[in-house]
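Engineer: First the structure, which I've put down as structure tokens, then a few questions once you've had a look.
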Amino acid sequence: MRLRPALLAAAFALFVQPAHAGDRRGDPAFQGRSPAIAVHGMAATAHPFATQAAVEILRAGGSAADAAIAANAVLGLVEPTGNGIGGDLFALVYDPATKGVTGLDASGFAPLKLDVKALAARAKAAGGLDRGMDSVTTPGAVAGWEALHKRYGKLPMAAVLAPAIRYAKEGFPVSPVIARGWAANLSNFQRQGDAIQGPQWKALFAPGGAAPVEGQVFTNPDLAATLELIAAGGADAFYKGAFAADYERHFKAFGRQHSAADLAAMKAEWVQPIHADYRGVTLWQIPPATQGLTTLQMARIVEKFPMATLSEADRIHVLVEAKKLAFADRAAFIADPRQVKLPVQALLSDDYIAKRAAMIRMDKALPADVPAGDPEGEKNDTTYLSTADGSGMMVSLIQSNYAGMGSGVVVPRSAPVDGGRGTWGFMLQNRGAQFSLDPKARNVVARGKRPFHTIIPGIVTKAGEPLLAFGVMGGTMQPQGQVQALVNIIDLKMNLQAAGDAPRVRHLGSPDPGDDGRETASGVFLESQIGAATRSDLRARGHVILDGFQDVGGYQAVMWDAANKVWWGATEMRKDGVALGY
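According to mature numbering (1 follows the signal peptide of the UniProt record, and there is no 0), the sequence shown holds residues -21 to -1, 1 to 561 in order.
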């Protein structure tokens, strides 16, 4: 049974609701709050405690990188529905010392001794790789923390992780949106049973027999102990210590090839970001195996149209059509460049983008099955945060366990901590669900290979100077959300908060780089504030307007105002977060 599309839609429908906002004098009617503004530094995250931790670190003399790690560590505790140290991490950093943008790829890989045939047979019998041990790839987040800290950190790692350790020990009240997601995830694990992942998830995340409700205080002494090991011994304490031994023992008990050697081989890599210009600014993305390339393609196609002067229906039409074209290439081409040659520059070339944009007719929607292009004759849940400091450094960081809480696999601790629940305090990601089982696909599963990745941080510069660190969570929504935010800020001149609060659009039904064909039935979801006339116009062009509800992502952003020399911050009103500076 192929669970991913239906599972994700059901989970999101349970804990995310359409956005509404009240009238604010001088602001768009959809804007829900003011952006934050500060002189010395800024942080925008999906949870108030994470933002507070980041500001605490900035006030103590930490860098934007220190603040990002601190916030991410807290988010892994308070928002286990979207991230944690069992997942992967990507970051973009604007470095004021070099006046350049650099990228960090801390993504894990399939087991080095994976029995691919046995995996394929199990997946076929189960209907896919959605959950359980076969969906687990090596977790990369801790390696990412260490790489980021070694290059850009100012405070000791013990100080950076101290807020997360404190909250894990003392407890935190579960916030409303996260509480709904927590319950939805545990319900899914309960339906699937323990055969594919083991029972430890219940001990850790439902210690009273059920998911904590909003306002209920939750502690995680197991995670506190794990973070203390990392704070004292660095990434090696995680990848080469007692956790590695317990990790191998647990997977071996289920007949899987995941090993301590996989963990020991995990290294984060500094990579050269890819970029594209958009109306006088430059958009930066992490290269494949992420879908950052897809975001750049979308932006370049959209730039061919006068978005500032188009009607709402025309703008939505262009965004949807650009998405279809870019996602067709996404399915055909994106994979691990360490193992597969990819035509990245050809897919972004002027001639190729012009040909793809020319396929868009303003009076008629393209089919959902628009074919991939032929560049150079080639014949394929999440948390996001932004931080900035007084030096001018910006960090755009995204981190995820993939679908909701992840695989369901929680590693038992052979030497339990006092007051703990017998685990290492976190769930492992199910990023392996993004592999294809088609041997002809670029993204086919293989030993030591990294799967296609949906999570993408974004940075925008102008004339080489910092402008914007931003992202929009939510699987296939991420490229769509980033481009919509970019249009709102650059073309429509919205303020930073309004750009995220504005009603969003999500097209679904494009082909997927994995093996499930496509994400869901094709159509366009429009948030409720998009009116009847626009909906009627889009239907007349052939667009299928989806009823019900779809997730439209989670936006966080930090922007540098060079004229006033201040930082602006904005956060997603559809989630629990906040932006704060000092």
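All C-beta atoms in this analysis are idealised placements derived from N, C-alpha and C, irrespective of residue type, glycine included.
(1) If Gly61 and Asn380 are in contact, beta carbons under 8 Å, what's the gap, nearest whole angstrom?
(2) Using 8 Å for Cβ pairs, my map puts Ala382 next to Arg520. What's the rounded Cβ distance?
(3) Verify the CB distance criterion: does Ala240 have a CB-CB separation below 8 Å to chain B?
(4) What does DSSP give as the partner residue(s) for Phe69 in the beta ladder?
(5) Does Ser290 pass the burial test, meaning 16 or more other C-beta atoms within 10 Å, or should it be called exposed?
(6) At the level of alpha carbons, what is the spacing between Asn164 and Met384?
(7) Let me check understanding here. Comparing Cα to Cα, which of Ala47, Leu183, Arg101 and Val153 lies closest to Ala126?
(8) Opposite Arg340 in the DSSP bridges: which residues?
(9) Quick check for students: name the residue ranges of the alpha helix (DSSP H) that lie wholly in the stretch 276 to 356, counting only runs of 4 or more.
(10) According to the Cβ coordinates, are Ile280 and Ala305 closer than 8 Å?
(11) Kindly confirm or deny that the stretch 366 to 378 and the stretch 182 to 190 touch, where touching means at least three C-beta pairs closer than 8 Å.
(12) Thinking Thr261 and Val153 are a contact (beta carbons under 8 Å), I'd like their distance in whole angstroms, please.
(13) If you scan the stretch 458 to 529 from start to end, which runs of the beta strand (DSSP E) of 3 or more residues do you find wholly inside it?
(14) Do the stretch 258 to 276 and the stretch 232 to 244 meet, that is, are 3 or more Cβ pairs less than 8 Å apart?
(15) Taking buried to mean at least 16 other C-beta atoms within 10 Å of its own C-beta, is Pro436 buried or exposed?
(16) By alpha-carbon positions, which one of Gly66, Ala76 and Ile144 ends up nearest to Ala122?
(17) Thinking C-beta only, is Leu416 closer than 8 Å to Val115?
(18) Since I believe Lys133 is in contact with Gly443 (beta carbons under 8 Å), could you give me their beta-carbon distance rounded to a whole number of angstroms?
(19) Is DSSP giving Asp74 helix, strand or coil here?
(20) In this structure, does DSSP put Gln195 in helix, strand or coil?
(21) Taking Glu248 as part of the beta strand (DSSP E), name the residues at either end of that continuous run.
(22) Entirely within the stretch 153 to 183 and at least 4 residues each: give me those alpha helix (DSSP H) ranges in chain order.
(23) Output the boundary residues of the beta strand (DSSP E) element that contains Asp540.
(24) Can you pull the DSSP bridge partners for Lys441?
(25) Just grab the DSSP bridge partners of Phe449 for me.
(26) Would you grab the beta carbon distance between Arg426 and Leu93 for me? Rounded to a whole angstrom, and I think it's under 8 Å.
(27) With 16 as the cutoff for other CB atoms within 10 Å, does Ala542 come out buried or exposed?
(28) Quick check on this structure: which residue in Ala511, Arg518 and Ser507 has the alpha carbon closest to the alpha carbon of Gly527?
(29) Does DSSP put Ser114 in a helix, in a strand, or in coil?
(30) Based on Cα-Cα distance, which residue from Gly453, Gly404 and Ala536 lies nearest to Leu465?
(31) Spell out the partners DSSP gives Ser365 in its beta bridges.
(32) Hey, would you say Met372 sits closer than 8 Å to Pro75, going by beta carbons?
(33) Leaving out five residues on either side along the sequence, give the residues of the same chain with a beta carbon under 8 Å from the beta carbon of Gln413.
Structural biologist: Here's the rundown:
(1) 7 Å
(2) Not quite, the Cβ-Cβ distance comes to about 32 Å (not below 8 Å), so this is no contact.
(3) Among the protein chains of the structure shown there is no chain B, as only one such chain exists.
(4) Asp84 and Ile377
(5) exposed
(6) 7 Å
(7) Ala47
(8) Lys343
(9) 291 to 312, 323 to 327 and 329 to 336
(10) yes
(11) no
(12) The pair is not a contact, with the Cβ atoms about 40 Å apart (cut-off 8 Å).
(13) 484 to 487 and 502 to 505
(14) no
(15) buried
(16) Gly66
(17) no
(18) The Cβ separation is near 24 Å, so there is no contact.
(19) strand
(20) coil
(21) Glu248 to Val250
(22) 155 to 171
(23) Tyr534 to Asp540
(24) Glu444
(25) Gly437 and Ala536
(26) 5 Å
(27) exposed
(28) Ser507
(29) helix
(30) Ala536
(31) Ala23 and Ser375
(32) yes
(33) Tyr381, Asn422, Pro430, Phe431, His432, Thr433, Pro492 and Gly493
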